[in-house]
């Protein structure tokens with residue numbers, strides 16, 4: 001069953017310039033300025049609800065000699081009203097529709113991440129798509145900071161990496177062990193920091209968003225500042241996205257999805273939230 005399409009998500013509003021759409025196709029990432037200012041406080045409220053009552057997916061990433069706290073959780077939007085309203089009523093889905101040239105957009109899932117002050121644990125360089133049970137080019141993932149950020153704790157992206165010929169091996173962040181039992185078809189992550197790659201460290205204010213392709217390589221330092229670094233993400237799927245069986249549990253797992261490789265993603269689990 002499709003969700004109702006709200007006025008804020010109609011195709012009549014143009015959110016991106018031609019230059020931004022071209023940059024998204026070329027670079028796999030763009031910064032969108034000021035669009036989500038009115039959503040910061042509601043998203044913070046929803047964030048706190050998840051922290052106070054995490055789901056079964058909640059995960060602590062600080063281990064061993066790491067300091068601080070790096071917590072994440074996902075797939076809570078159907079129980080957190082603030083997240084549900086953002087997905088259904090913000091221009092987020094419409095912007096992904098413009099960026100990808102899609103006729104319709106489905107929500108995949110949302111994701112929260114917090115790094116408390118003094119957190120040494122970095123978010124390792126990775127692509128999102130290898131962890132997922134989907135494949136496709138017309139994708140969009142938001143990273144929306146809910147606290148002021150600096151270049152020292154911001155998410156960073158490798159421009160053009162969404163066009164690499166093979167997907168990068170996904171790993172478990174706490175141990176760097178392979179995510180899947182069989183991963184020979186993936187490539188190893190190149191030495192991003194020591195290589196000749198164009199890395200964008202976005203300058204962002206509250207209300208801005210970083211939008212990037214599921215295949216775009218990204219990562220982030222720890223948080224050695226004196227302030228929290230909360231971020232809200234939502235992943236949207238466009239026209240060409242299809243289910244793929246990875247042969248093992250994905251992240252998120254979506255147990256019982258009952259699809260075959262090549263199937264469209266089911267709309268009762270992943271509703272259409274924008275269409276032309």
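Residue numbers (the UniProt record's numbering): 1 to 276.
The beta-carbon is built from N, C-alpha and C at its ideal position, and this holds for glycine as well.
Nearest by alpha-carbon distance to residue i: which of the options is it?
i           : options               : result
residue 112 : 176, 105 and 53       : 53
residue 96  : 251, 186, 16 and 190  : 16
residue 268 : 257, 262 and 275      : 257
residue 187 : 176, 194, 181 and 170 : 170
residue 29  : 122, 214 and 152      : 214
residue 282 : 272, 262 and 276      : Since the first residue of the chain shown is 1 and the last is 276, residue 282 is not available in this structure.
residue 37  : 90, 49, 158 and 18    : 90
residue 180 : 202, 130 and 84       : 130
residue 278 : 92, 153, 104 and 105  : Examination of residue 278 is not possible in this model, given that the chain is present from 1 through 276 alone.
residue 174 : 18, 124 and 246       : 124
residue 165 : 219, 177, 225 and 127 : 127
residue 56  : 72, 42 and 43         : 72
residue 205 : 190, 167 and 150      : 150
residue 160 : 200, 227 and 132      : 200
residue 42  : 80, 59 and 234        : 80
residue 31  : 145, 260, 193 and 167 : 145
residue 244 : 82, 19 and 136        : 136
Are residue i and residue j close, meaning C-beta to C-beta below 8 Å?
i           : j           : result
residue 208 : residue 33  : yes
residue 272 : residue 88  : no
residue 86  : residue 143 : no
residue 202 : residue 210 : yes
residue 198 : residue 247 : no
residue 138 : residue 240 : yes
residue 47  : residue 61  : no
residue 107 : residue 254 : no
residue 35  : residue 76  : no
residue 100 : residue 238 : yes
residue 216 : residue 157 : yes
residue 176 : residue 68  : no
Can you tell me whether DSSP reads residue i as helix, strand or coil?
i           : result
residue 201 : coil
residue 154 : coil
residue 145 : strand
residue 44  : helix
residue 109 : strand
residue 135 : strand
residue 261 : coil
Label residue i either buried or exposed according to how many other C-beta atoms from any shown protein chain fall within 10 Å of its C-beta, with 16 as the threshold for buried.
i           : result
residue 249 : exposed
residue 265 : buried
residue 63  : exposed
residue 121 : buried
residue 109 : buried
residue 185 : exposed
residue 276 : exposed
residue 27  : buried
residue 155 : buried
residue 93  : buried
residue 277 : The chain is shown from 1 up to 276; residue 277 falls before or after that span and cannot be answered.
residue 19  : exposed
DSSP beta-bridge partners for residue i?
i           : result
residue 140 : 236
residue 123 : 220
residue 114 : 71 and 230
residue 29  : 212
residue 168 : 187
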